[in-house]
Each structure stands twice: as C-alpha cells, then as structure tokens.
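Numbered per the UniProt record's numbering, the sequence shown spans residues 1 to 112. Ideal Cβ positions, reconstructed from N, Cα and C, are used throughout, including at glycine. See below for the structure under consideration.
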Amino acid sequence: MDGPQFFASCLFSTDCILAASLYAELFQGRVLRSSPGHSEILFSETKRVIFSRASEECPVFPGTLVWRIDPGKAPAFSDLLLKSGFFQESVGSRYDSFLDPWGNRIWLYFLE
Numbered sequence: 001m002d003g004p005q006f007f008a009s010c011l012f013s014t015d016c017i018l019a020a021s022l023y024a025e026l027f028q029g030r031v032l033r034s035s036p037g038h039s040e041i042l043f044s045e046t047k048r049v050i051f052s053r054a055s056e057e058c059p060v061f062p063g064t065l066v067w068r069i070d071p072g073k074a075p076a077f078s079d080l081l082l083k084s085g086f087f088q089e090s091v092g093s094r095y096d097s098f099l100d101p102w103g104n105r106i107w108l109y110f111l112e
C-alpha cells in the first residue's frame with residue numbers, strides 16, 4: 001500500500017448497538033461488530049459504516065450518507081424510514097433528505 005486507502009464512513013450515535021441494528025435492517029447491511037460505543041456495518045466488500053459514541057478519545061459528529069433508489073420505490077422506503085424514527089427534512093425532485101434519531105442525515109438520491 002503506497003498511501004491511505006478509504007476504509008469507512010463514520011456516523012454519530014449515543015447507542016451504537018441500536019444504530020447498527022437499525023441501519024443493517026433498513027439498508028441490508030451486515031453487522032461486523034457491535035458495542036455501546038462502537039459498531040461497524042458492512043454493506044458490500046468496500047462500503048463500511050462505523051457508528052461511534054463521542055468520547056474524549058473519539059470526537060465524532062453527525063454525518064451524511066447518500067443512498068441511490070428507484071424513484072418508484074422511494075415513497076414506500078420513505079414510509080419505512082419514518083416508522084423507524086427518522087424525520088423527513090426535505091423533499092426534492094432529485095432526492096429526499098431524512099435525519100435519523102442521532103442527527104445523521106440520509107439522502108435518498110433518485111436513480112436517473
């Protein structure tokens with residue numbers, strides 16, 4: 001390895017076990033490890049999301065993930081997000097934006 005390689009995106013949570021379970025279920029991921037302060041989900045061989053609880057050693061803030069979706073499937077999936085505790089932030093012609101219970105932003109970007 002000559003230089004840094006992308007490893008993961010990191011999101012904030014106060015309950016990393018709950019966050020990992022929720023995201024793995026909603027977005028078809030696999031929980032690799034899970035504890036109250038740190039959880040990792042794998043969505044494909046190279047797409048990993050880490051949930052961390054803020055501490056002195058681990059400064060973490062809410063983040064943003066973008067998911068592509070067929071526009072015809074977006075309404076049903078949006079309903080599922082709302083039932084899972086997400087808040088719809090905005091509705092657009094190319095994407096919808098949601099906030100999860102920890103303040104992380106999810107964009108559902110419509111396939112063209």
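At a Cβ-Cβ threshold of 9 Å, F7 and N104 do not count as neighbours. When DSSP states are grouped into helix, strand and coil, C16 belongs to the helix group. One thing to note: C10 has its Cβ no nearer than 9 Å to the Cβ of P36. One thing to note: E112 has its Cβ no nearer than 9 Å to the Cβ of F98. Only residues of its own chain outside the window of five on either side were considered, and among them F98 have a CB closer than 6 Å to the CB of L81, listed in chain order. Taking each of L18, I69, S21 in turn and checking the Cα distance to S93, the smallest one comes out for I69. Secondary structure in the segment 26 to 80: the beta strand (DSSP E) runs of 3 residues or longer, each lying completely within the stretch, are 30 to 34, 38 to 42, 48 to 52, 64 to 69 in chain order.
Note: W107 is bridge-paired with V66, S97 in the DSSP secondary-structure output. By the criterion of a C-beta distance shorter than 7 Å, E25 is surrounded by no residue of its chain, once the five residues flanking it on both sides are discounted.
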